[in-house]
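S.K.: From first to last, the protein sequence lines are chains G and C. So the first sequence is numbered by this note's numbering: it starts at 1 and just counts up by one. So the second sequence is numbered by this note's numbering: it starts at 1001 and just counts up by one. Right, I'll just put the structure down here and ask away after.
Number of protein chains: 2
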Amino acid sequence: MGQFVVIGLGNFGHNVAISLFEQRNQVLAIDANSKKIEQIKDKVTQAVVVNVKEKEALSEFISNDIDAAIVSLGDKIEASILTTLYLKELGVKKIIVKAINDDHGQILKLIGAMEIIYPEKEEAVRLARRLTVPNLIEHIPLASEYSIVEIAVPDNFVGKSLKELRLRSKYNVEVIAVKDVLQDTLHLIPEADVKIKPDSVLMVIGKEVDINKFKV
Amino acid sequence: MGQFVVIGLGNFGHNVAISLFEQRNQVLAIDANSKKIEQIKDKVTQAVVVNVKEKEALSEFISNDIDAAIVSLGDKIEASILTTLYLKELGVKKIIVKAINDDHGQILKLIGAMEIIYPEKEEAVRLARRLTVPNLIEHIPLASEYSIVEIAVPDNFVGKSLKELRLRSKYNVEVIAVKDVLQDTLHLIPEADVKIKPDSVLMVIGKEVDINKFKV
Ligand SMILES: Nc1ncnc2c1ncn2[C@@H]1O[C@H](COP(=O)(O)OP(=O)(O)OP(=O)(O)O)[C@@H](O)[C@H]1O
Ligand SMILES: Nc1ncnc2c1ncn2[C@@H]1O[C@H](COP(=O)(O)OP(=O)(O)OP(=O)(O)O)[C@@H](O)[C@H]1O
């Protein structure tokens, strides 16, 4: 499959490395801490102890046929900047770095990181959204202003058919699936005469502004 | 809207608090560190310095009409366990805690936390999936074994109609939308005779096992 290097084995780096390996990629894990290397060596292709601030040592393991390098060195800002620079000079095409704040992320982008990740911030925003709309199970933003939302059916929908609810004409949203929570089944692109049962969840796609009217 | 208490203002807690407030909820932010309180006080309803291990001090701010409490105290495992216990005793219905590993999470669940969050692990799994399937833009797991995937169209699809591609009969997946990346538009539940253009992205829904055959 793909060839990846993961540098820094904190919670994020460790999980990226083992997830990539589980999906049958080749994974080289690098960390300065031998304990971390010991814990991960059976769950990746190869794991080596390297201090990545030493360019010589790092270059021994980096070739330009690596598909991507993922760097997550926690609050070691200097180390993450140097590593990004070295990886760029060693020809790595795609460098993904976990940043600890916006300034850090901006610097990394200027140095050559292709993508900056803020795991805590991204999960935080997701959680806040789920908590704000109580029957909202998931809100998945898509292209441009579209989203998919999963909404538990309000009581006044139960027993009505999709046709009677007239969601497309009333709210300009499309029901792409109806989930039966108890039976854990999904009915894709349901017919207009399908009746809503209690304990069902509607998966609806539409523009953000229309979904917000529909959610309330 | 909702009433929330956020305890612990690391990266995750801080972002949950301000996101909840931006979505027009009432947010009380708590931290033992006055600097953190200073930085956040204009971005939430109220922010107070409290050492949450002191039950008396904490109870002053907790009532049972809070919708949810979000606890993220980093590696202070003892503090997070005590806080969860106190919040439960003070009648908070929904306690969500950021855990640093599985054992920590298990303990919190036994104490009474309703939901455990592992932000770094969840983002890591998402990233690993995006990197493994190069034309996969997003993979959204749904109920039971279903997922939605966004896939950039392979070259051999271009110019064909959805009907000709026979995705439903060949792979048992449904195309719920076609995204035009250049024009940034989304065509929902397209007709079978719609032709695939280059630079389009298919949004496909189906069972995991069928999607995996389709992705390759
Ligand atoms: N110069 C270096 N060379 C190699 N590895 C390093 C270097 N500096 C730090 N590291 C490693 O980077 C890792 C950073 O982990 P740490 O838990 O601090 O980061 P984090 O990204 O905040 O963690 P999490 O992913 O859990 O949020 C540690 O395992 C540490 O050994
Ligand atoms: N007993 C306590 N009472 C109140 N606040 C506390 C207590 N102990 C720790 N805290 C606060 O919890 C916060 C934890 O932040 P820290 O950055 O360590 O956690 P984290 O959850 O790993 O961070 P992140 O969300 O960035 O991953 C700190 O702001 C700290 O002041």
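C-beta: ideal position from N, C-alpha, C; glycine also.
Between G:ASN218 and chain C, is there a C-beta pair that is closer than 7 angstroms?
M.R.: Lying outside 1 to 216, the shown extent of chain G, residue 218 of chain G is not represented and no answer is given.
S.K.: Using a C-beta cutoff of 7 angstroms, does G:GLU38 count as contacting chain C?
M.R.: Answer no: the Cβ-Cβ gap between G:GLU38 and chain C never drops below 7 angstroms.
S.K.: DSSP has C:PHE1004 in a bridge; who is on the other side?
M.R.: C:VAL1027 and C:ALA1068.
S.K.: Using a threshold of 6 angstroms, is the CB atom of C:LYS1055 nearer than that to any non-hydrogen atom of ligand 1?
M.R.: No, since every heavy atom of ligand 1 falls outside the 6 angstroms radius drawn around the Cβ of C:LYS1055.
S.K.: Starting from G:GLU191, trace the alpha helix (DSSP H) in both directions and tell me its first and last residue.
M.R.: Note, G:GLU191: premise wrong, no alpha helix (DSSP H); not H, not E.
S.K.: Quick one, which of C:ALA1047, C:ILE1081, C:SER1034 and C:THR1045 has its alpha-carbon nearest C:LYS1053's?
M.R.: Among C:ALA1047, C:ILE1081, C:SER1034 and C:THR1045, the Cα nearest to that of C:LYS1053 is on C:ILE1081.
S.K.: Note down the Cα distance separating G:LYS93 from G:GLU115, rounded to an integer number of angstroms.
M.R.: G:LYS93 and G:GLU115: Cα-Cα distance of roughly 12 angstroms.
S.K.: G:VAL125 touches chain C at which residues, Cβ-Cβ below 9 angstroms?
M.R.: What G:VAL125 touches in chain C: ASN1015, VAL1016 and SER1019.
S.K.: Which of the residues in the region 1022-1036 of chain C, read from start to end, lie with their CB under 7 angstroms from any CB of chain G?
M.R.: The region 1022-1036 of chain C vs chain G, Cβ under 7 angstroms: GLN1023 and ASN1025.
S.K.: If you draw a straight line from the alpha carbon of C:ALA1068 to that of G:LEU182, how long is it in whole angstroms?
M.R.: Near 25 angstroms, if we compare the C-alpha coordinates of G:LEU182 and C:ALA1068.
S.K.: Please go through the same chain and pick out, in chain order, the residues whose beta-carbon is closer than 6 angstroms to the beta-carbon of C:GLY1013, but skip the five residues on each side of it.
M.R.: Taken in chain order, the residues that qualify are VAL1006 and SER1072.
S.K.: Closer than 8 angstroms is the cut-off here; do at least three beta carbon pairs connect the region 120-130 of chain G with the region 155-163 of chain G?
M.R.: Contact fails: fewer than three Cβ-Cβ distances are below 8 angstroms.
S.K.: For a cutoff of 7 angstroms on Cβ pairs, would you count C:ILE1107 as touching chain G?
M.R.: By this cut-off, C:ILE1107 is not an interface position.
S.K.: Would you report the Cα separation of G:GLY10 and G:GLY74, rounded to the nearest angstrom?
M.R.: Between G:GLY10 and G:GLY74, the C-alpha separation is close to 7 angstroms.
S.K.: When you compare the CB of G:GLU174 with every CB in chain C, is at least one pair closer than 7 angstroms?
M.R.: By this cut-off, G:GLU174 is an interface position.
S.K.: Using a Cβ-based criterion (distance less than 6 angstroms to any ligand heavy atom), does C:PHE1012 qualify as near ligand 2?
M.R.: At least one heavy atom of ligand 2 is nearer than 6 angstroms to the Cβ of C:PHE1012, so yes.
S.K.: Using alpha carbons as the reference points, say which of G:ASN33, G:GLU56 and G:GLU89 lies closest to G:VAL48.
M.R.: Checked all of G:ASN33, G:GLU56 and G:GLU89; the closest Cα to G:VAL48 is G:ASN33.
S.K.: Should C:GLU1174 and G:LEU188 be called a contact, given that it needs their Cβ atoms to be closer than 7 angstroms?
M.R.: Against a cut-off of 7 angstroms, the Cβ pair of G:LEU188 and C:GLU1174 comes out as a contact.
S.K.: Where G:ALA192 and G:LYS170 are concerned, what is the direct C-alpha to C-alpha distance, given to the nearest angstrom?
M.R.: Near 15 angstroms, if we compare the C-alpha coordinates of G:LYS170 and G:ALA192.
S.K.: Name, going along the chain, the residues of the region 1109-1122 of chain C whose beta-carbon falls closer than 7 angstroms to a beta-carbon of chain G.
M.R.: Taking 7 angstroms as the Cβ-Cβ cut-off against chain G, the residues of the region 1109-1122 of chain C that qualify are ILE1117, PRO1119, GLU1120, LYS1121 and GLU1122.
S.K.: Tell whether a beta-carbon distance below 7 angstroms holds between C:THR1132 and G:GLN3.
M.R.: Cβ atoms of C:THR1132 and G:GLN3: not closer than 7 angstroms.
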